[in-house]
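Chains as they are written, first to last, in our numbering: chain A, 1 to 337; chain B, 1 to 337; chain C, 1 to 411; chain D, 1 to 411. In this text, a Cβ means the ideal position worked out from N, Cα and C, and glycines have one as well.
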Ligand SMILES: Cc1ncc(C[n+]2csc(CCOP(=O)(O)OP(=O)(O)O)c2C)c(N)n1
Ligand SMILES: Cc1ncc(C[n+]2csc(CCOP(=O)(O)OP(=O)(O)O)c2C)c(N)n1
Ligand SMILES: [Mg+2]
Ligand SMILES: [Mg+2]
């Protein structure tokens, strides 16, 4: 057991798989020699050679399109979008090609590929380095969508994703790359080395895709969160003292409805949080499922805390970011009724 | 007042605006000389010349990208995607460029453009001529998203969209192009000439974007639907006799929450229907809003009737299509509780 | 004040009311271009990209260096080619008919373009992979794909290998080197590049072939494929079928100012050739050369096959609305079947009688399979496929929510 | 069995541990290429696309036909060009410094590329529109965009015309012919084509200019822009700034097998020229020629500006991780400021002393504005912008749900 940052954990996952399986390939913009703008792949080209780990032209649809062809032929590509904000040129290849290849060919061709992308705001990146587009992928049958919130889960989920027989969209909450973030951007940041969730086993292990994690047990309200928002939830609960059960979804598609249901049936109250814009965000899906599955247990309306329906702003990003205060207000509101 | 098909009504809207305003331009694949594969623009090039109505290369992102540049310069482009299923190459231009231009430039540049696209299944078009991707656009701040269900609304909404100062995604339910569709694909189809909603005034009029239409008043359940599903709702209600209020949303973004709220507060029960895949579809957003706005009035869980979470199949499309039987079951279920 | 600038809008040479006019199309004499070395570089390919490789001359004689290049091909190979094309015509004819009778919802012919896919496919090896468009059923025919599977898909009945999931014409067959057709234009061109990269990385000695229509060269994936192929140089052949039309849109709207599609590819640093696609010998020779080159590791090559779409775009289309009815007859490069037939007769290997007989035989063969397949259900007389197939194969393992949905559906 | 094929992976000539090596870069002598007629066609532009237009020779003399083409330019125009570039350097220097002091979150320099935007901008007319990337602040400087606005945005304070919405360097100014920068690479290249089409359709006599980096030529929008420009032929200039690097990625990964980016553009049937981007006179001359051509209605033209990115990609980047530290000094085309200075001294219009003085003056001018702007707030010492701006301008009219959200926010 060593302590790792999330970046190191992700790199370690790729390292394990590159070593395990000659079919695994890693590529993307600046991913090869340099090791990626967040250095997630640093050292891998030197270790495995440029036939396994390489730089690509700046064309996201080419990256995914090549990966689809490679995956269909038997490879296991794990590619990087430099930022989730730049995935859109590849949207056609992901949703119309990768997602449907198995189905439309009646399983003659399959598409085991992983698309990693740094996601979310909180780094003063403005509207093109802060987006959380997960809901645009959860609507697409054939994809799996995950987002870890700890180094441990990051490594375990990434290994599981690379081994998965189907395409996995792998969101990396970049605000958590170097340490947990509790919403106080002006406070001192604590690295993963100081946090128990920074403990990452060596070698191969997986975290099952489709299983949520109860991060905190509680009896009054259930919070559904993922990525950075898990820590925002923790901070809010810490501050307001409401006895809250915090569920880190980890996997959005497929969704661990059992765990969610059991929790909301117990608490009768639910708040969901995400950083993405509110309207038609993944929170809507969570609410739709929870209200259907737990209707008779709900004591108050499910609350949504989300990014505002506007582009992610640069200077006012902390007014945009759904921080602990907004979560507390939602918790209080759900308790009032 | 003349009776028109929806195709004729859409063509008439473009005709009115091309005539009104020299800044209006119409273009897309096969849209010029031929008049579009659904013939929506037939005759317009002959009437207005090819500087106003023209054919483009098969590149959806080029079509939208050009339109963004033109719109910013003061034109009013109204472009066609040959099928909604082919909009994805343009997804980047629509969501990252058109949608945000006004905001990011602090209103120095704006983007009044309309993107029309035939949507939905029921024509044995298989997975690439049947999709309903509306939820992928309702998640994007800066866009407006509409879908008419009658020739009258089609013309009025399209004129409103062309006159709108912001980008409008205009979905055309192609199963309704030539007549209403009540879900019986093997039955005789009745054209718009035989239907009162086929009545379309001549000349200029608009239907306000953001206003729903109560298609049928009722007291027991509220159905939220749009496009083809409005008729499926009508057919279901006709058959099962439950006194249902049917709301044709017409505009998904912005959403007419007032009308929805008033209805659900009255009925206490709600079913929402769409053809798109269920998970993270626009129905999730509707449910999230309704449960929040009407929680204390709800007598039973809101029901979702939607396309299955699979690619739209060809041969079994009527098993995929959410027809009246499924709506009836949902209505009955919502009444049981 | 500057006077108003005019934009240009490319026009076809003739519209329905006009006489067909192909006077602007230059058809260089057969045999004019040589056979380049297999390691031809883009810089050296200018004449091939702007010219037109032709083997059969107007009299039906095979002439020039490319004729020599395939001189070793025995008569049986050419007779097989002719049979492939005739079989293709019989299939197209019977299935168009089936659509007219309402037995299938949709069909799409490749009339006039038979030489291209038939000739190319016969030069491939087992394990090579095509990434076709919907108009390359020729690749299946010349791979001897079972007609029963092909037609089963047209009728979406229990003989359909895809169990009704896809549009009739969107075939898929790993065993026959035919990648699952997407329906979204262009997308698979770059996938072919990725597949070929995997061929190189795994060292399996196989190659890939991308296919794209002239209209679809406008797509972004055309660019991303050429670019990626030019960067990594995998064993991929990038075929462009220029049949002059993209539904109602004249090829000029996709060419723009480019001299040819081959020339555009050359701009990416990929050697490119332009070939008479209605000349079975030219197709065979250039395919052989390109496949050999790719397999030897000299990297990607682009081929523009110059041809004409004789039929409607599909059964949903009526071309008389946008081009002269008799335009196909005026096409200067003739008909691929007629030209090969003439050549074989000239060589003394074939006759009008044998041709008529072969046509009839093949039509019978195709019709017999068709009748058999139709007993398994047609569009007007369906034997329903289980709706549960909708959920099969969305994922390798069915997740909970799909189980719930299938249950809700009643299965 | 075929032996394993090898893929190619383009490499830069040198990595950090190596000596800089530009031996593969061919720099033809200044004055070697002529001035083509304004209606130059793509076919005729081969030498321009593969060559390199240079005016200033190694001694600093302006030579050849392109020198004659701008011989009429008076000394003040050149002195202005030098001042523009010096001002740009002063701004870059001061703002880099501000970032180092934590006064802004982000900055990005254009060191080494000053001649391109400065020279091009001075040839435009009011009403013409640039579609820049983030590395063309030169276009603003040479348009005399108020430094207060420029710096206000860097500090996201109340002087910021965009009220903090955008990243510091993503400027926008309709009045100064600077289209709102997106941040997504490539997207605006095709928008420039659309804008220019609107120029032509409305007959306003204006033109548009797209800008793209060498790395971003790989983007799909590069293709869609070239294609669309080649089809409709609007008055657009498609600029490609080839500065050898895209963050850590060597330009070869975007060039692939293409001889030059200009050559790739030429494949689309667009006449293309390649120009020494570190030569202010060459930039001015070719810009003048291209703008004149576009305005006269001869359609699009592509220009590859050949240069070198001297600084880091941005303040988030450390280039010593991927290229030799002293690579910039080895760049064979020199420094644009030094070269113009040398030329002006040679002509007797300038001296070392005046140069030093001008540098100091400009630095003072810039610093004075900077100080003033900093009083309105910096990153470390912010004067917060109202969060309500988040909702302003999402739509022309604020819809209900945004009203509700603004209220929820407390405004
Ligand atoms: C991305 C995308 N856009 C539009 C279409 C609709 N469409 C289908 S075929 C076609 C024309 C294609 O023409 P071409 O590439 O020349 O091929 P051909 O039909 O001539 O074989 C179009 C526009 C599509 N299938 N995919
Ligand atoms: C679509 C997209 N993909 C990736 C990025 C991330 N990115 C920002 S700058 C850059 C390098 C661009 O290089 P180049 O085009 O050569 O311009 P330069 O920085 O050299 O001026 C990359 C990859 C982006 N902004 N947009
Ligand atoms: Mg074609
Ligand atoms: Mg660069």
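Given the structure, does residue i come close to ligand 3, in the sense that its CB is under 7 Å from one of the ligand's heavy atoms?
{"i": "residue 21 of chain D", "result": "no"}
{"i": "residue 339 of chain C", "result": "no"}
Leaving aside the five residues before and after residue i along the sequence, list all residues of the same chain whose C-beta is less than 6 Å from its C-beta, in chain order.
{"i": "residue 237 of chain A", "result": "244"}
{"i": "residue 287 of chain B", "result": "302"}
{"i": "residue 122 of chain D", "result": "142"}
{"i": "residue 84 of chain B", "result": "117, 119, 131, 133"}
So what's residue i in DSSP terms, helix, strand or just coil?
{"i": "residue 93 of chain C", "result": "helix"}
{"i": "residue 305 of chain D", "result": "strand"}
{"i": "residue 303 of chain A", "result": "strand"}
{"i": "residue 87 of chain B", "result": "coil"}
{"i": "residue 378 of chain C", "result": "coil"}
{"i": "residue 110 of chain A", "result": "coil"}
{"i": "residue 274 of chain B", "result": "strand"}
{"i": "residue 424 of chain C", "result": "There is no way to answer for residue 424 of chain C, as the model of chain C reaches only from 1 to 411."}
{"i": "residue 289 of chain D", "result": "helix"}
{"i": "residue 92 of chain B", "result": "helix"}
{"i": "residue 110 of chain C", "result": "coil"}
{"i": "residue 285 of chain B", "result": "helix"}
{"i": "residue 239 of chain A", "result": "helix"}
{"i": "residue 393 of chain D", "result": "coil"}
Quick one: which chain C residues come within Cβ less than 8 Å of residue i?
{"i": "residue 201 of chain D", "result": "7"}
{"i": "residue 73 of chain D", "result": "Within chain C, no residue comes near residue 73 of chain D; the closest Cβ sits about 22 Å away, beyond 8 Å."}
Can you name, in chain order, every residue of its own chain whose Cβ lies under 8 Å from the Cβ of residue i, other than the five neighbours on each side?
{"i": "residue 53 of chain C", "result": "33, 66, 273, 274, 275, 276, 282, 285, 286"}
{"i": "residue 2 of chain C", "result": "At residue 2 of chain C, the pLDDT of 46 sits below 50, so the modelled position is not reliable; the number obtained from the coordinates is stated separately. Nothing meets the Cβ criterion."}
{"i": "residue 178 of chain A", "result": "5, 6, 7, 189, 191, 192"}
For residue i, return the contacting residues in chain A, with the cut-off set at a CB-CB distance below 7 Å.
{"i": "residue 376 of chain D", "result": "Correct list: empty, because the minimum Cβ distance to chain A is about 12 Å."}
When you measure from the CB of residue i to every non-hydrogen atom of ligand 1, does any distance come out below 7 Å?
{"i": "residue 29 of chain B", "result": "yes"}
{"i": "residue 326 of chain B", "result": "no"}
{"i": "residue 259 of chain B", "result": "no"}
For residue i, collect the residues of the same chain with a Cβ closer than 7 Å to its Cβ; drop the 5 residues on either side in sequence, then sort them by chain order.
{"i": "residue 197 of chain C", "result": "232, 234"}
{"i": "residue 333 of chain B", "result": "303"}
{"i": "residue 409 of chain D", "result": "387"}
{"i": "residue 402 of chain C", "result": "391, 394"}
Does the beta-carbon of residue i, which I'm using as the reference point, lie nearer than 7 Å to any heavy atom of ligand 4?
{"i": "residue 256 of chain D", "result": "no"}
{"i": "residue 183 of chain D", "result": "no"}
{"i": "residue 213 of chain D", "result": "yes"}
{"i": "residue 305 of chain D", "result": "no"}
{"i": "residue 262 of chain D", "result": "no"}
Count the C-beta pairs between the stretch 244-264 of chain C and the stretch 198-208 of chain C that are closer than 8 Å, then say yes if the count reaches three, no if not.
-> no
Does the stretch 70-82 of chain B come within contact of the stretch 151-170 of chain D, defined as at least 3 CB pairs closer than 8 Å?
-> no
Do the stretch 249-267 of chain A and the stretch 252-271 of chain B meet, that is, are 3 or more Cβ pairs less than 8 Å apart?
-> no
Is the stretch 307-318 of chain A touching the stretch 221-237 of chain A, taking contact as three or more C-beta pairs under 8 Å?
-> no
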